[in-house]
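For the sequence shown, position 271 (counting from the first letter as 1) is numbered 296 according to our numbering, and the numbering increases by one without interruption. C-beta: ideal position from N, C-alpha, C; glycine also. These figures come from a predicted structure and were not determined experimentally. Okay, so here's the structure we're looking at.
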Amino acid sequence: MINFLNQSIIYNYNVSANTKCRNSFVCNKSIPVSDSFTKQISNINFQGVDKRNDTSNGRFLKGLKNITDPYSGIKLLTFKEMEQISKDLSQIDNSQKKIRYLKKYEKSMLPVEREVYNYFEYKTRKDYFASFSKLLRQQKPISIKKLQSEQSDVFDKIEKATKDVSPKNRKLIMAEVNEGRRRILKNENDKHSFKRKMFIDNLLKLQCEGILEATEKDLLKNRKFYGLSDLAEARERFENEQLNHAKDGKTPVDLIIDLKHKYIPYYNDEYKKIIQIARELPSSNTSVSAFVIKYADRSDNEIAERLLNQSVASVEHIEADSLGGDNEADNFMLVSRARNTERGNLPIKAFIKMHPEIPNNTQRYVNDIIKNVYKGKLKGYEWYPYVLKDTLHNSGIDVDISNYKIPPEEAFKTLPPRLRNRYPNYKQFIPDRTEPLNIKV
């Protein structure tokens, strides 16, 4: 590890601008996600980062410990664990002591965070009084150069993809790309002026405007006047609300995508692929360089918390609700906050292409769930491993529960009546009852 970190410290400023590495100060290779940060632990929403989703029926998973993240393989932290970590870190007065405290949570650090932690651990051995912010500021000039290269690679990919879109849309997309390139190279006063979220939001706006225009033309041309009220609602919210503002479970973008599926399913959405590529732009969750730049001027406590708070468990829809997934127990599992945000509403099969280790990690997740059942932590939900297995299979992941010792005739005795018709494969094991069950969630 020391030799590897030494390479990081003596980074060669002549690194090729074409490098695609992302997962360390020297070589980084991770998939970008939405760049989000919780400054206070009280802001972490256990029910998931995406507030569009109703995860209330997944509350039974809340608080489970020693659970493997099916997406990344790390050990998830509970909200209460992160809350205690935050309090403890605030009472530790120097960086070296913080490093020693964080050591026991290494298994809960995501790849970028672990790389930063390893860097801090090595540097503080030599300089007992070095602050985290000071160490990041020292690394910042190098990181700016690397981040510029990483971002330029994605813009090159977008520009190549525009060859397959119409001239009108290509002109609009390239205007955003060129402005993004200008901002990347600007860096006035050592400030990285390019904003990833702003760039993606601008593309989303162009996508939405195209769908709204196409929907209106189709409804009027084919005299589908019954759809005009849906169109008016979507347009009104799009023009007057933020894109990510959720109302009644839907954001303006959700409503507009719903319009497309409902009224113009044949519409050629040229922005969809472009936006998918744009989401590959590095963020502090996926690029050490972006992490360094974002947190170099933050307090040591804030930086220390950031090494773990993206690993807090959130309830995830296996099949995204925006794609038809239900808000029921069989469609929920725990995942890390960072990976929940990264996936968004991407189908599991597509997400596996980005993270091929997901099937193996999901098996570990299921094994951990079964252990918690045996410990009595999922009282009344002994049937969860059975229905989870079926849902995962339908999503392209096969898990083995042959070692689960609670037979279905016992496990399904506590299945809530509202769910009895959801699982025909287990119908013979489900009691024929109508009275409600008093199951604590």
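Grab the span of the beta strand (DSSP E) containing Met-358 for me, first residue to last.
What you label residue 358 is simply residue 333 of the sequence shown in a count that begins at 1. Note, Met-358: beta strand (DSSP E), 357-361.
What residue ranges within the segment 197-260 form continuous beta strand (DSSP E) runs of no fewer than 3 residues, ordered along the chain?
none
Taking the straight line between their C-alpha atoms, what separation do you get for Asp-283 and Ile-124?
In the sequence shown, residue 283 corresponds to position 258, counting from 1. In the sequence shown, residue 124 corresponds to position 99, counting from 1. Roughly 48 Å separates the two Cα atoms.
Does DSSP classify Thr-311 as helix, strand or coil?
Taking the first residue of the sequence shown as position 1, residue 311 is located at position 286. It is coil, neither helix nor strand.
Using three-state DSSP, classify Thr-80 as helix, strand or coil.
Position 55 of the sequence shown, counting from 1, holds the residue named residue 80. DSSP places Thr-80 in coil when its eight states are reduced to three.
Expressed to the nearest angstrom, what Euclidean distance is found between the alpha-carbon atoms of Phe-454 and Lys-404?
For this step, residue 454 is matched to residue 429 along the sequence shown. For this step, residue 404 is matched to residue 379 along the sequence shown. Distance between the alpha carbons of Phe-454 and Lys-404: 18 Å.
Taking its Cβ as the centre, do 16 or more other Cβ atoms sit within 10 Å of Met-223, making it buried, or is it exposed?
Within the sequence shown, the letter at position 198 stands for residue 223. Met-223 comes out exposed.
Looking only at DSSP bridge pairs, what is Glu-341 linked to?
Mapped onto the sequence shown, residue 341 falls at position 316. Glu-341 is bridged to Met-358.
Any chance the segment 377-386 sits against the segment 349-362, with 3 or more Cβ pairs inside 8 Å?
no
Please name the residue, chosen from Phe-85, Val-317, Lys-438 and Ser-115, that lies closest to Leu-172 on a Cα-to-Cα basis.
The residue given as residue 172 occupies position 147 in the sequence shown. That would be Val-317, whose Cα lies nearest to the Cα of Leu-172.
In its own chain, which residues sit with a C-beta less than 8 Å from the C-beta of Asn-446, not counting the 5 before and 5 after it?
One-based indexing of the sequence shown puts residue 446 at position 421. Taken in chain order, the list of residues that qualify is empty.
What did DSSP end up calling Lys-170 once you bin it into helix, strand or coil?
Taking the sequence shown and counting its residues from 1, the one referred to as residue 170 is at position 145. Three-state DSSP puts Lys-170 in a helix.
Would you call the CB atoms of Asn-299 and Ile-183 closer than 7 Å?
Numbered from 1 along the sequence shown, position 274 holds the residue referred to as residue 299. Numbered from 1 along the sequence shown, position 158 holds the residue referred to as residue 183. According to the sequence as given, residue 299 is Ile; it is not Asn. Yes; because the gap between Cβ atoms is below 7 Å, this pair is in contact.
Going by DSSP, which residues form a beta bridge with Leu-102?
Locating residue 102 in the sequence shown gives position 77, where the first residue counts as 1. BP columns for Leu-102 point to Val-337.
Please look up how many angstroms separate the CB atoms of Ala-303 and Leu-228, rounded, as I've assumed it's under 8 Å.
Within the sequence shown, the letter at position 278 stands for residue 303. Within the sequence shown, the letter at position 203 stands for residue 228. The Cβ separation is near 6 Å, so the contact holds.
With a CB to CB cut of under 8 Å and the five nearest residues on each side skipped, what residues in its chain are close to Ile-69?
In the sequence shown, counting from the first residue as 1, residue 69 sits at position 44. Any reading at Ile-69 must be qualified, since the residue scores a pLDDT of 43, below 50, and its modelled position is unreliable; the value itself is stated next. Counting only Cβ-Cβ distances below 8 Å, and skipping sequence neighbours, we find Thr-63, Phe-104, Met-107, Asn-334, Val-337 and Arg-362.
When DSSP labels each residue in this structure, what does Lys-128 get in the three-state scheme?
The count along the sequence shown starts at 1 and reaches residue 128 at position 103. Three-state DSSP puts Lys-128 in a helix.
Terminal residues of the alpha helix (DSSP H) in which Met-468 lies
One cannot answer for residue 468 here, as it falls past the ends of the chain, which runs 26 to 466.
Tell me whether the beta-carbon of Pro-410 lies closer than 7 Å to the beta-carbon of Tyr-390.
Position 385 of the sequence shown, counting from 1, holds the residue named residue 410. Position 365 of the sequence shown, counting from 1, holds the residue named residue 390. Result no, Cβ atoms of Pro-410 and Tyr-390 do not sit closer than 7 Å.
May I ask you to report which of helix, strand or coil DSSP gives Thr-439?
If you number the sequence shown from 1, residue 439 lands on position 414. Helix, per DSSP.
Cβ distance (whole Å) where Glu-175 is taken to contact Ser-308 below 8 Å:
Counting from 1 along the sequence shown, the entry for residue 175 is found at position 150. Counting from 1 along the sequence shown, the entry for residue 308 is found at position 283. Glu-175 to Ser-308, Cβ: 10 Å. No contact.
Bridge partner(s) assigned by DSSP for Thr-93
Your numbering for residue 93 matches position 68 in the sequence shown. Note: Thr-93 sits in a beta bridge opposite Lys-100.
I'd like to check one pair, Ala-321 with Arg-162: are the Cβ atoms closer than 7 Å?
Here residue 162 refers to the residue found at position 137 when the sequence shown is read from its first residue. Here residue 321 refers to the residue found at position 296 when the sequence shown is read from its first residue. It is a contact, given that the beta carbons lie within the stated cut-off.
Rounded to whole angstroms, what is the Cα-Cα separation between Ala-259 and Pro-277?
Taking the sequence shown and counting its residues from 1, the one referred to as residue 259 is at position 234. Taking the sequence shown and counting its residues from 1, the one referred to as residue 277 is at position 252. The alpha-carbon atoms of Ala-259 and Pro-277 are separated by roughly 6 Å.
Any idea what DSSP makes of Lys-287, helix, strand or coil?
The sequence position of residue 287 within the sequence shown is 262, counting from 1. Helix.
Taking DSSP's pairing of strands, which residues face Lys-272 in a bridge?
Counting from 1 along the sequence shown, the entry for residue 272 is found at position 247. Answer by DSSP bridge pairing, in chain order: Lys-275.
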